[in-house]
Each structure stands twice: as structure tokens, then as C-alpha cells.
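The UniProt record's numbering applies: residue 1 is where the sequence shown begins, and numbers increase by one.
C-beta: ideal position from N, C-alpha, C; glycine also.
Encoded as C-alpha cells, the structure appears first; notes follow it.
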Amino acid sequence: MPATTLITSLPTFISADEHKTLVGSTPASFNDIPPKLCHKEDNVSVSLDPPLDNFSAEDAAHGSLYVIESYLVFMSTSGRGFQIPYPAITLHAISRADSGPSIYCQLDDSVGSPDDPSTTDDTIDMRELTIVPQNQSSLDPIFEALSTCASLHPDHNLSSDEEMDDSNAFLNPDEPGAGPFEVFTGDEGQELSEVGRAALEHLESIIVYP
């Protein structure tokens with residue numbers, strides 16, 4: 001099952017205030033606390049490449065973005081939307097492309113949904129997601145919320161010597177000295193995977209660093 005799945009209703013979540021209240025009440029099990037909404041952004045358009053089946057350009061033209069601890073969700077004003085589990089988001093960054101500022105994500109659709117672990121195909125199916133908020137000042141809060149939620153879902157398939165330092169896992173090109181793929185140093189013997197090379201080439205073509 002592809003990681004990016006169509007939805008017609010939002011997944012369960014609670015607000016930050018509700019989450020704080022529940023945590024403060026010392027519940028019998030913290031696992032029973034619903035996922036927290038870390039950021040909501042209205043007046044957002046998205047694009048998916050390749051497109052998602054049964055999700056039209058009209059669906060993608062206007063809606064709301066929900067950065068929930070469990071999923072990244074876009075819900076269109078048409079009533080159709082999609083959700084993405086964070087392990088499927090292999091890369092996210094703030095793009096300053098000529099087409100306009102946006103959040104750029106690369107998705108590994110072979111990851112599948114955490115609620116449906118039946119995906120066993122080793123073929124990596126990449127999809128690109130571009131998130132364009134009408135309010136450009138929201139790019140940083142969206143990026144930060146994405147980074148926070150992604151950090152809650154580490155890739156358990158990584159061996160200890162492959163794990164990246166948390167400070168380099170998500171890159172904000174607005175930060176001084178931040179460059180594309182800082183964890184790749186170019187040292188002799190170090191190689192990027194095919195997916196990594198494609199990501200590096202694409203990012204270098206669309207992201208402008210100050």
C-alpha cells in the first residue's frame with residue numbers, strides 16, 4: 001500500500017492545549033493520548049509528482065495543512081485529502097525556487113502506512129510533494145513542525161553506524177552555514193545512494209542559499 005493515501009476525513013488529533021491538559025492529569029497510559037496537532041495552516045495549495053490517483057488538480061488547489069504527530073495531512077476544500085506517515089518523508093526543506101517559496105518534500109511511497117505493514121516490495125517509489133502556503137511567513141513554522149514530528153518517527157531500519165546526528169537530520173537553508181546534505185561530507189569512500197544522489201541534484205537545482 002502506498003504511503004500517500006487518500007482520505008475524506010481527518011485522522012484523530014487533539015490541540016496542544018488539550019494535550020498539555022491530558023499529560024498533566026497523569027493518565028493511566030500515555031499511549032492512549034491522541035496525537036497532537038503541531039501546526040495547522042489554512043489557504044494552502046499542493047502539488048504531487050507523480051500525481052496521486054483520484055486526487056485532481058482542483059483538489060490540490062486549495063485546502064488546509066495539518067502537521068499532526070502521527071501524519072502529515074492535506075485536506076482540500078473539496079472534501080478530499082491525503083495523509084503521509086513521517087517515515088515516508090525522506091527529505092523536507094524550504095525551497096526558494098523561481099516559482100515561489102514552498103516546502104519541498106521527497107516521499108518514499110514504498111514505505112507504506114504504519115497501520116498497514118504489508119508493504120514488502122524493495123522497489124523505492126519516489127514522489128515529490130510541494131506545499132505552497134498563501135502566507136509565506138508560515139514556511140518556517142511549518143518546517144519546524146515537520147522536523148519535530150519526523151523526529152518522533154526514526155527509521156528503525158538504520159543501523160547504528162548509519163544513523164545521522166539529530167542536528168543534521170533536517171536542514172533549514174535559512175540558517176547560516178546550512179548547506180545541502182551536510183551529513184554527506186564527500187570523504188573518500190563515502191557514497192550517496194541512488195535516492196540520495198537524486199535528492200541532492202534536485203535540491204541543488206531548486207533551493208537558493210543566502
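For this session: Drop a sphere of 10 angstroms on the beta-carbon of Thr8, count the other beta-carbons inside from all chains shown, and report buried for 16 or more, exposed for fewer.
Result: exposed
Exercise. At which residues does the alpha helix (DSSP H) containing Ala16 begin and terminate?
Worked result: 16-24
For this session: Going by CA-CA distance only, name the one from Glu144, Cys38, Pro11, Arg127 that's closest to Asp53.
Result: Arg127
Exercise. Straight-line CA distance for Ala16 to Cys38?
Worked result: 7 Å
Problem set entry | Neighbourhood of Ser137 by C-beta, 6 Å cutoff - its chain only, sequence neighbours within 5 removed | none
Exercise. By DSSP, does Glu69 sit in helix, in strand, or in coil?
Worked result: coil
For this session: Would you check if the distance between the CB atom of Asp59 and the CB atom of Ser47 is smaller than 8 Å?
Result: no
For this session: Note the first and the last residue of the continuous beta strand (DSSP E) segment covering Pro85.
Result: 81-85
For this session: Would you mind reading off the limits of the beta strand (DSSP E) that contains Pro133?
Result: 126-133
For this session: Assign Thr12 to buried or exposed, taking buried as 16 or more other Cβ atoms, counted over all protein chains shown, within 10 Å of its Cβ.
Result: exposed
Exercise. How would you write the range of the alpha helix (DSSP H) that Ser147 sits in, first residue to last?
Worked result: 139-151
For this session: Compute the distance between the beta-carbons of Val44 and Leu72, then report whether it is under 8 Å.
Result: no
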